[in-house]
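Chain order of the listed sequences is D and Z.
Quick note: the first sequence uses the working numbering, first residue 1, plus one each step.
Quick note: the second sequence uses the working numbering, first residue 1, plus one each step.
No residue lacks a Cβ here, since even glycine has one placed at the ideal position from N, Cα and C.
Data block below; observations after.
2 protein chains.
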Amino acid sequence: MLDELRAALPAGAVLTDPDLMAGYRADEAKLAVSGAPLAVVTVGSTADVVSTLRWATAHRVPVVPRGAGTGVCGGAAAIDGGIVLSLAGMRRIREIAVADLTAVVEPGVINADLGRAVAGEGLFYPPDPSSFEISTLGGNVATNAGGLRCVKYGVTRDSVLGLEVVLADGRVIQTGGRTVKNVAGYDLTGLFVGSEGTLGVITAAILRLRPKPPTEPVTFVASFPKLPGAGAAVSAIIQAGLAPSLLELIDNASINFIEDYRRMDLDRNAAALLIGQSDSARAAEDVAAMARQCEAAGADLVVVASDATESEALLEARRLHHWAVTAAGDVLTDDVGVPRGRLAELLTGIERIGAEYGMPIATVGHAGDGNLHPTFVFPHGDEAARQTALTAAGDVCRLAVELGGTIAGEHGIGSMKREWLAEQFDADTYAAHRMVKQAFDPLGILNPGRGI
Amino acid sequence: MLDELRAALPAGAVLTDPDLMAGYRADEAKLAVSGAPLAVVTVGSTADVVSTLRWATAHRVPVVPRGAGTGVCGGAAAIDGGIVLSLAGMRRIREIAVADLTAVVEPGVINADLGRAVAGEGLFYPPDPSSFEISTLGGNVATNAGGLRCVKYGVTRDSVLGLEVVLADGRVIQTGGRTVKNVAGYDLTGLFVGSEGTLGVITAAILRLRPKPPTEPVTFVASFPKLPGAGAAVSAIIQAGLAPSLLELIDNASINFIEDYRRMDLDRNAAALLIGQSDSARAAEDVAAMARQCEAAGADLVVVASDATESEALLEARRLHHWAVTAAGDVLTDDVGVPRGRLAELLTGIERIGAEYGMPIATVGHAGDGNLHPTFVFPHGDEAARQTALTAAGDVCRLAVELGGTIAGEHGIGSMKREWLAEQFDADTYAAHRMVKQAFDPLGILNPGRGI
Chain D
1 MLDELRAALP
11 AGAVLTDPDL
21 MAGYRADEAK
31 LAVSGAPLAV
41 VTVGSTADVV
51 STLRWATAHR
61 VPVVPRGAGT
71 GVCGGAAAID
81 GGIVLSLAGM
91 RRIREIAVAD
101 LTAVVEPGVI
111 NADLGRAVAG
121 EGLFYPPDPS
131 SFEISTLGGN
141 VATNAGGLRC
151 VKYGVTRDSV
161 LGLEVVLADG
171 RVIQTGGRTV
181 KNVAGYDLTG
191 LFVGSEGTLG
201 VITAAILRLR
211 PKPPTEPVTF
221 VASFPKLPGA
231 GAAVSAIIQA
241 GLAPSLLELI
251 DNASINFIED
261 YRRMDLDRNA
271 AALLIGQSDS
281 ARAAEDVAAM
291 ARQCEAAGAD
301 LVVVASDATE
311 SEALLEARRL
321 HHWAVTAAGD
331 VLTDDVGVPR
341 GRLAELLTGI
351 ERIGAEYGMP
361 IATVGHAGDG
371 NLHPTFVFPH
381 GDEAARQTAL
391 TAAGDVCRLA
401 VELGGTIAGE
411 HGIGSMKREW
421 LAEQFDADTY
431 AAHRMVKQAF
441 DPLGILNPGR
451 GI
Chain Z
1 MLDELRAALP
11 AGAVLTDPDL
21 MAGYRADEAK
31 LAVSGAPLAV
41 VTVGSTADVV
51 STLRWATAHR
61 VPVVPRGAGT
71 GVCGGAAAID
81 GGIVLSLAGM
91 RRIREIAVAD
101 LTAVVEPGVI
111 NADLGRAVAG
121 EGLFYPPDPS
131 SFEISTLGGN
141 VATNAGGLRC
151 VKYGVTRDSV
161 LGLEVVLADG
171 RVIQTGGRTV
181 KNVAGYDLTG
191 LFVGSEGTLG
201 VITAAILRLR
211 PKPPTEPVTF
221 VASFPKLPGA
231 GAAVSAIIQA
241 GLAPSLLELI
251 DNASINFIED
261 YRRMDLDRNA
271 AALLIGQSDS
281 ARAAEDVAAM
291 ARQCEAAGAD
301 LVVVASDATE
311 SEALLEARRL
321 HHWAVTAAGD
331 VLTDDVGVPR
341 GRLAELLTGI
351 ERIGAEYGMP
361 IATVGHAGDG
371 NLHPTFVFPH
381 GDEAARQTAL
391 TAAGDVCRLA
401 VELGGTIAGE
411 HGIGSMKREW
421 LAEQFDADTY
431 AAHRMVKQAF
441 DPLGILNPGR
451 GI
């Protein structure tokens, strides 16, 4: 069977050596189960993807599309007896059209490489998942990746104008186009963005670029003695139309993990820190206004950076969070969203759940979007604690839904969160999703058991 | 058969009187064919829609959902033997959540009524089709309506967070939600937005509101002796990151229709006028910068308004366009989009097509989005000229596609533009759209013959 696939692809495209395959079996979801693949297929062109999917359809072989493997929900973990389809080798920027503010990229292009390629034209590509230096644009599109700048510039879907997609049976379609407005046909572009490899394989994307902001961003940090104040400040800043280009929250547990890891002189008793930024033409005035909103909402300390170096320093605590919690133990990072007005309730509820299970939950996230990452920290290799973390994470997902929110803000469902989909979707809504899956993948070979 | 429907609905919901039905047969696409419906069903609740669709499924009766009937592509024209499902009576604003910047509305709510309802909270709903004082939000959502403010705030899809939809068989689903980020499941919300009543009937929408801009907008008008200059100015303004809140174009033919209609002292020899606006916190500076971009691109006259009254006066020519062309004859308004950098080529091509057919084409539109409305003007009641207009409109659609654009920017496909879909979609891409239609409407009862 694999000989047939080898014959259809360039030499060396099909890997079966267990040592070579090992690097393609898991993604960054360390708690996800990953199987033993039949083969890893490394493609270099749309034609290779077509050949691979025709073969997979003919032989009913599950296909796991994969970019850089930086996903955190098990969406790219290998499946027993399936193939891993690595698109990392399709790394050409096909076109940069400055007058149109668009770029056409292949799925293996690294997010930051596109940024560097267009910077000389005074442009940037807004979506900035934390992994942007190592993750691929194909993976970003397949998961509808978020990031810090989303609060101003939207998520990945808001920057995708069109796609080239290979369907399960090998047909190639072109969705959307190069225009910012387009009502011809259904929004198949939006449908494939975030579909986690379950509807087709993305082989090119027409992305929307933006002019670089006119000034260096200005940053502030505000410390809140109580959670409701931090929540109120977020709502007030957004309602005032101050358009922060970043608005992050660090909760009390996170503050303490960070201080344990490196002394930053953060207030270990603060309920939360808000870190905000403006990149507008009047960034200093806008940040001053945000600082006033924080004070009015009860912040007891607000620091505004006076230059770019200070701005970077204020962001340092947020950047250290990942290293601080992973130094403290094994972690499970959740990803829930609520309407912005319910942030404080979500944070209070997370604290309650942490207390119930006797497990620290260090929460950070994109407060301006109501999207938080409660991070469960437990002793290295403690299997019982790991199970407790998964149970507690389920409680957090249920809480988010009760507050009118979502079990997944920007990381996807992957294989890790499927059991909680029923919390969010009633039976008919879930069935409507499955109708789409059934239409595009009737044989169920595209990343089965992942996403919806 | 209708008795069964009457029994399932409140008294008076089913209209069969031909005089009463007459008002529901056509939309604003005067050249579209409209049929003789079996009945008009005026619903007041989601439950009524469920009853109606269950009945329609049982009896295989085509259903044409309808808001205010302001569509211009025949998407809401009645079908022989079908029913017209009027959602205009579902006009409740269910909720306005200021802290979340969301509103939940029923489909019959008039766009401008939502604007008025939230203005007191310092908020606004950005999408502003020209019909915003009379069109319904349900219709806006079903067509993914555009408008003047889209250039800054995006199209209707960008302001819809979630939907309540009744499927063809009467099942009710909830798509999306109340959060600005959400990756649980496929983007069914985006799929239903712009689906022109062909996949389900929208019975509620969770809409995204925005803080009102801090200042009165400032307006400029620039007059260009040559088309390429106007195109270059549009690209330069957008690339400079000046974020106009409106950037409209009026071509030479339109200038002359407007001057014929009312003396405005426009330059009858100008190739095009650009009208732009900023609503930013530094609107005056931003408009001054836009004016400089226009001069650098070859504008021979640029006027900047010094107050709100002057701003309004400068917009007057754009507003008069509709009245000027309809006073001159029958009109067919097209709606094409191109990548922004191809605007001048599109305009030049439209002039060429007008000359070929000996028919004036007065073009206006949303230049900042690359979305133009070539308007074919011909003698009242001249059937041959009407056929010529349709043929010429086909040529314009083909031209837009050749330039990397779309046959439909914001008005939809309706019944009028289906014949040109094949210009834009290859066979496999078209088939992918039909797979979605087939999944959601296997019996083909939802607005058959419209949209994709």
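Residue i burial status per 10 Å Cβ neighbour count (16 or more: buried)
i: N447 of chain Z; result: buried
i: H411 of chain D; result: buried
i: E312 of chain Z; result: exposed
i: S223 of chain D; result: buried
i: N269 of chain Z; result: exposed
i: S306 of chain Z; result: exposed
i: K181 of chain Z; result: buried
i: T42 of chain Z; result: buried
i: R60 of chain D; result: exposed
i: Q277 of chain Z; result: buried
i: Q174 of chain Z; result: buried
i: T16 of chain Z; result: exposed
Residue span of the beta strand (DSSP E) that contains residue i, given as start and end
i: R94 of chain D; result: I93 to A97
i: F376 of chain Z; result: N371 to F378
i: I407 of chain Z; result: That residue, I407 of chain Z, is in no beta strand (DSSP E); it is neither H nor E in DSSP.
i: S223 of chain D; result: V218 to F224
i: A362 of chain Z; result: I361 to H366
i: V302 of chain Z; result: L301 to V304
i: R208 of chain Z; result: V201 to R208
i: V401 of chain D; result: Here V401 of chain D belongs to no beta strand (DSSP E); instead the alpha helix (DSSP H) covers E383 to E402.
i: P214 of chain Z; result: Note, P214 of chain Z: premise wrong, no beta strand (DSSP E); not H, not E.
i: D330 of chain D; result: D330 to T333
i: R66 of chain Z; result: V63 to R66
i: H251 of chain D; result: One detail in the question is off: residue 251 of chain D reads as Asp in this sequence, not His. Per DSSP, D251 of chain D belongs to the beta strand (DSSP E) from L246 to D251.
i: F276 of chain D; result: Looking at the sequence shown, residue 276 of chain D is not Phe but Gly. A272 to S278 is the span of the beta strand (DSSP E), which, as asked, contains G276 of chain D.
i: L161 of chain D; result: V160 to V166
When the options are compared against residue i, the one with the closest alpha-carbon
i: M90 of chain D; options: D:V98, D:T136, D:A328 and D:G365; result: D:T136
i: E310 of chain D; options: D:A184, D:V218, D:P126 and D:G358; result: D:V218
i: V338 of chain D; options: D:A26, D:A47 and D:G231; result: D:G231
i: A324 of chain D; options: D:A284, D:D300, D:A355 and D:Y261; result: D:Y261
i: F440 of chain D; options: Z:A36, Z:A400 and Z:D428; result: Z:D428
i: I361 of chain D; options: D:D300, D:T156 and D:L346; result: D:L346
i: A271 of chain Z; options: Z:V61, Z:G358 and Z:P228; result: Z:P228
i: L266 of chain D; options: D:H321, D:I238, D:S235 and D:S245; result: D:H321
i: I238 of chain D; options: Z:D100, Z:I173 and Z:T391; result: Z:D100
i: I275 of chain Z; options: Z:A77, Z:R263, Z:P244 and Z:L15; result: Z:P244
i: F376 of chain Z; options: Z:G162, Z:R178 and Z:A385; result: Z:A385
i: V64 of chain Z; options: Z:V72, Z:G71, Z:V84 and Z:T46; result: Z:V84
i: L247 of chain Z; options: Z:R282, Z:R25, Z:V221 and Z:P126; result: Z:V221
i: A32 of chain D; options: D:L9, D:L20, D:G74 and D:T46; result: D:G74
i: F124 of chain Z; options: Z:T102, Z:G138 and Z:I134; result: Z:T102
i: R458 of chain Z; options: Z:V141, Z:L443 and Z:L343; result: An answer regarding residue 458 of chain Z cannot be provided, because it is not within the stretch 1 to 452 covered by chain Z.
i: I255 of chain Z; options: Z:V436, Z:V193, Z:Q424 and Z:L315; result: Z:L315
Span of the alpha helix (DSSP H) around residue i
i: G139 of chain Z; result: L137 to T143
i: L5 of chain Z; result: L2 to A8
i: P18 of chain Z; result: P18 to A22
i: E295 of chain Z; result: A283 to A296
What residues from the segment 211-244 of chain Z come within 8 angstroms of chain D, judged by C-beta to C-beta, listed N to C? P211, K212, P213, P214, S235, I238, Q239, A240 and G241
The segment 355-385 of chain D: which residues have C-beta closer than 7 angstroms to a C-beta of chain Z, in chain order? D369, G370 and N371
Inter-stretch contact at 8 angstroms, needing at least 3 Cβ pairs: the segment 134-152 of chain D / the segment 105-112 of chain D: yes
Chain-ordered residues of the segment 89-106 of chain Z with a beta carbon less than 8 angstroms from chain D: A97, V98, A99, D100, L101 and T102
Mind checking the segment 181-207 of chain D against chain Z and listing, in chain order, the residues whose C-beta falls within less than 8 angstroms of any C-beta there? K181, N182, V183, A184, G185, Y186, D187, L188, G190, L191, V193, G194, S195 and L199
I'd like to know if the segment 357-376 of chain Z and the segment 385-394 of chain Z are in contact, where contact means that at least 3 CB-CB pairs between them fall below 8 angstroms. yes
Against chain Z: residues of the segment 262-280 of chain D by CB proximity under 9 angstroms: S280
For the segment 288-308 of chain D against the segment 189-207 of chain D, do three or more pairs of beta-carbon atoms, one drawn from each stretch, fall closer than 8 angstroms, so that the two count as touching? no
So does the segment 30-39 of chain D actually touch the segment 67-80 of chain D, counting three or more Cβ pairs closer than 8 angstroms? yes
Taking a cut of 9 angstroms between CB atoms, which residues from the segment 136-152 of chain Z lie near chain D? T143, N144, A145, G146, C150 and V151
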